[in-house]
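*Asks:* Right, I'll just put the structure down here and ask away after.
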Amino acid sequence: MPLPPSVTSTRKRPVNLTLNEHLVAQAKSYTTNLSATIESLLTDYVTAQHQARLSRQQAADACASDWNAVNDAVGSFADEHSTL
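If you're matching positions, the sequence shown starts at 1 in full-length UniProt numbering and goes up one per residue.
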């Protein structure tokens, strides 16, 4: 599945973030490009969330399909109680 366009975009713009000062200082000891590191982590997060959403949608679609198959095979319980 392709990623949402916002994940694959190359256009960059400044944003304001509020981050723990001590954590930022520690992170800077591991990377010379904090922006790129955070962007990479954020990309991974967005990708994982996108995949989770697709997975939930596929599970819901499969459930609906299974219930439709049961309804087609045996009918609906409510059919026996129609007041019409």
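From the three backbone atoms N, C-alpha and C, an ideal C-beta is built for every residue, glycine too.
Compute the Euclidean distance between the alpha carbons of VAL46 and SER76, then round it to the nearest angstrom.
*Replies:* About 40 angstroms.
*Asks:* What's the gap between the Cα of CYS63 and the Cα of GLN57?
*Replies:* 10 angstroms
*Asks:* LEU42 to ASN68, Cα distance in whole Å?
*Replies:* 39 angstroms
*Asks:* May I ask you to report which of helix, strand or coil DSSP gives ARG11?
*Replies:* ARG11 falls in the coil class under three-state DSSP.
*Asks:* Is TYR45 helix, strand or coil by DSSP?
*Replies:* helix
*Asks:* With a threshold of 8 angstroms on Cβ separation, who are the neighbours of LEU34 within its own chain once the five nearest residues in sequence on each side are excluded?
*Replies:* VAL24, ALA27 and LYS28
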